[in-house]
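K.L.:
In the numbering used here, the protein residues as written are 21 to 159.
Beta carbons are placed, not taken as given, at the ideal position from N, Cα and C, and that holds for glycine.
(1) Just reading off the alpha helix (DSSP H) that residue 48 is part of, what are its end residues?
(2) For the alpha helix (DSSP H) containing residue 86, list its first residue and its last residue.
(3) Do residue 146 and residue 109 have their C-beta atoms within less than 7 Å of each other?
(4) Mind checking which residues open and close the alpha helix (DSSP H) that includes residue 132?
(5) Count the other C-beta atoms from every protein chain shown that fall within 10 angstroms of the C-beta of residue 93, then say buried if there are 16 or more, exposed otherwise.
(6) What residue range does the alpha helix (DSSP H) around residue 119 cover?
(7) For the putative contact between residue 136 and residue 100, defined by C-beta atoms under 8 Å, what is the C-beta separation to the nearest angstrom?
(8) Let me confirm a value: residue 122 is counted as buried when at least 16 other C-beta atoms fall within 10 Å, else exposed. Which label applies?
(9) At the level of alpha carbons, what is the spacing between residue 88 and residue 64?
(10) Where does residue 120 land, buried or exposed, given buried means 16+ other C-beta within 10 angstroms?
(11) Let me check understanding here. Comparing Cα to Cα, which of 104, 60, 49 and 86 lies closest to residue 71?
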């Protein structure tokens, strides 16, 4: 097993552990929406498709996320992408470009800019062990 395969195996194991930790106090519809988001990790899932899969309108989906998670579906997806990216940065030696693509970003430049906007440091700085000085959104 080479480094990339090992890194992917570790990542998928961490994903399964995280998936099992979905809080059961959430409504069944939200649990389903969250499971769909996690299952589509690295891919784009639209609010329209998510609402359709949950048998609700987009506005109902937005209200449900706001009420139960205090964020929009888009913010939740972005948070999960960044959490996955952080795991890759910590547990692998994959190039930042590949991490960006694995986590559903269009390219490394976009990923790096968004990561910096979200955490206040670049992915390279994060990987080097520099910790953010400010609180991150949705912590």
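P.N.:
So, to answer that:
(1) Looking at the DSSP string, the run of the alpha helix (DSSP H) that includes residue 48 is 48-59.
(2) Its alpha helix (DSSP H) spans residues 78-89.
(3) A contact, by the Cβ cut-off of 7 Å.
(4) Note, residue 132: alpha helix (DSSP H), 128-139.
(5) Label assigned to residue 93: buried.
(6) For residue 119, the enclosing alpha helix (DSSP H) has its first and last residue at 116-122.
(7) Not a contact, Cβ separation roughly 18 Å.
(8) Buried, since its Cβ has 16 or more Cβ neighbours within 10 Å.
(9) Using only the alpha carbons, I get a separation of about 22 Å.
(10) With 16 or more other Cβ atoms within 10 Å, it is buried.
(11) It is 49.
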